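Asker:
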Amino acid sequence: MRHVHLHRILALWFAFLSGFLLAPPARASDFYVPILVYHRFAPTPQNLYTVSLQEFEAQMRYLKENGYQVIPLKTLVDFYLGKGSPPPPRAVVITIDDGHTSVYSYALPILKKYGYPATLFIYPCCIGRVSYALTWEQIRELADQGQDIGSHTRYHPNFKLERRRLKPQEYEELVEKEMTSSKKILEEKLGRSIRYLSYPFGVHDEVLEKKAFQAGYQAMLTIVRRGCDQTSNRGALPRFLIEPHTSIRSFSSILSPQPSPGKLKASWRTGLPCPSVASSTCSMLLIQPSPSPPSRMARILPIQSGSRAISVYRFLGFQKVHPKHWAS
Ligand SMILES: [Zn+2]
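Encoded structure:
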């Protein structure tokens, strides 16, 4: 009898404490950084890659008004290189692919207004040759004003198609040439080092990644729709393609971490909500299901397996779930 009473007191005491205990401090290196990718800008969008000026301005304003900090791509990459500290909370990276002339005429004034840095990925074969592309003078001016320039290969080939079309040896030579010559041309024309590459059409595989590292790039970017975190591979950093008619609501949703599809599937399977913590940060998750129905309100506690605290939490109704069950 006395034993039961003691348990009741303990349960109340832990229930009171759990509010504090359940919020383990985030490690300094835990972060979520969405990289946005734009292409073209116009007063009214004419195609899938053109964002209207009003939309772009509204998105930049949203970042400012909601405490987001636009950081240079370099800040993020330097962290992966072990040369810098983790990005600040609510950090966002802006990239613009293809070097369309509207970057200079429409996006630059807005970026300047908000003091936002961006990285422009250029494929040099078009520069100064076609009317819709930036000129070298414009790119130099953008770079002088603090915008970073990256490579988008030399002529923007679709490596997936080329791999099918060419013999293996020819394909390999094409990849090497596209990656190295574009870096070299940009460096010679702009007098600064080109450290990042955006894969044309987002086509990425291990071979392309290896070749890009061999060409001397520090980081490469895809269009896989995900944010970056401390575990991201700098050979294939994910990005969110911003399309025209993106509502502020969907824009804001990409600025915070989303559960991965794998985790969502797991949540359906178990009927429990998804943990928003990366499974790599803990070896065990303790789940306290909310009474009913299962909702995002359930409490999730990452904990090291073997921790003596587990028995205490189980006493409070937590269930033990191995992170692998959430990530499969
Ligand atoms: Zn492109």
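Numbering (the working numbering), first residue to last: -15 to 312.
From the three backbone atoms N, C-alpha and C, an ideal C-beta is built for every residue, glycine too.
Nothing here was measured: the structure is a model prediction, and the numbers come from that model.
Which word fits residue 24, buried or exposed, when buried means at least 16 other C-beta atoms lie within 10 angstroms of its C-beta?
Answerer: For the purposes of this step, residue 24 is taken as the residue at position 40 of the sequence shown. Label assigned to residue 24: buried.
Asker: Compute the Euclidean distance between the alpha carbons of residue 35 and residue 56, then round it to the nearest angstrom.
Answerer: Position 51 of the sequence shown holds residue 35. Position 72 of the sequence shown holds residue 56. One C-alpha to the other measures close to 21 angstroms.
Asker: When you get a sec, list the residues whose CB is within less than 5 angstroms of any heavy atom of ligand 1, chain order please.
Answerer: Chain-ordered list of matching residues: 81 and 82.
Asker: For a test of the three-state rule: what should DSSP assign to residue 182, helix, strand or coil?
Answerer: In the sequence shown, counting from the first residue as 1, residue 182 sits at position 198. DSSP places residue 182 in strand when its eight states are reduced to three.
Asker: Beta carbon of residue 106, beta carbon of residue 170: below 8 angstroms?
Answerer: Reading the sequence shown from its first residue, position 122 is the one you call residue 106. Reading the sequence shown from its first residue, position 186 is the one you call residue 170. Yes, they are a contact pair.
Asker: Taking the alpha-carbon positions, what's the residue 210 to residue 113 distance?
Answerer: Here residue 210 refers to the residue found at position 226 of the sequence shown. Here residue 113 refers to the residue found at position 129 of the sequence shown. Answer to the nearest angstrom: the Cα atoms are 34 angstroms apart.
Asker: For residue 43, count neighbouring C-beta atoms within 10 Å of its own C-beta (all shown protein chains included) and say buried if the count is 16 or more, exposed if not.
Answerer: Mapped onto the sequence shown, residue 43 falls at position 59. That one is buried.
Asker: Just confirm the distance between the C-beta atoms of residue 205 and residue 221, as a whole number of angstroms; I'd bet it's less than 8 angstroms.
Answerer: The residue given as residue 205 occupies position 221 in the sequence shown. The residue given as residue 221 occupies position 237 in the sequence shown. Between residue 221 and residue 205 the Cβ distance is about 5 angstroms, and since that is below 8 angstroms, they are a contact.
Asker: Residues in the same chain with beta-carbon distance under 8 angstroms from residue 131, minus the five sequence neighbours each way, listed in chain order, please.
Answerer: Here residue 131 corresponds to residue number 147 of the sequence shown, with the count starting at 1. Closer than 8 angstroms at Cβ, skipping near neighbours: 92, 95, 101, 102, 103 and 104.
Asker: Classify residue 100 as helix, strand or coil using the three-state DSSP reduction.
Answerer: For the purposes of this step, residue 100 is identified with residue 116 of the sequence shown, where counting begins at 1. In the structure shown, residue 100 sits in coil (DSSP, three-state: anything other than H, G, I, E or B).
Asker: Looking at C-beta atoms only, is the number of pairs between the region 78 to 85 and the region 59 to 70 that lie closer than 8 angstroms three or more?
Answerer: They do not touch, by the three-pair rule.
Asker: Answer yes or no: do residue 181 and residue 201 have a C-beta to C-beta separation smaller than 8 angstroms?
Answerer: Within the sequence shown, residue 181 is the residue found at index 197, counting from 1. Within the sequence shown, residue 201 is the residue found at index 217, counting from 1. In contact: residue 181 and residue 201 (Cβ atoms closer than 8 angstroms).
Asker: In the structure shown, what three-state DSSP assignment does residue 236 receive?
Answerer: For the purposes of this step, residue 236 is taken as residue 252 along the sequence shown, with counting starting at 1. In this structure, residue 236 counts as helix in the three-state DSSP scheme.
Asker: Whole alpha helix (DSSP H) runs in the region 108 to 157 with 4 or more residues, listed along the chain?
Answerer: DSSP runs (the alpha helix (DSSP H)) wholly in the region 108 to 157: 120 to 128 and 143 to 149.
Asker: Quick check on the DSSP output: what are the complete beta strand (DSSP E) runs of length 3 or more inside the region 197 to 226, in order along the chain?
Answerer: 203 to 205, all fully within the region 197 to 226.
Asker: Taking only the alpha-carbon atoms, compute the straight-line gap between residue 78 and residue 51 and give it to the nearest angstrom.
Answerer: The residue given as residue 78 occupies position 94 in the sequence shown. The residue given as residue 51 occupies position 67 in the sequence shown. One C-alpha to the other measures close to 16 angstroms.
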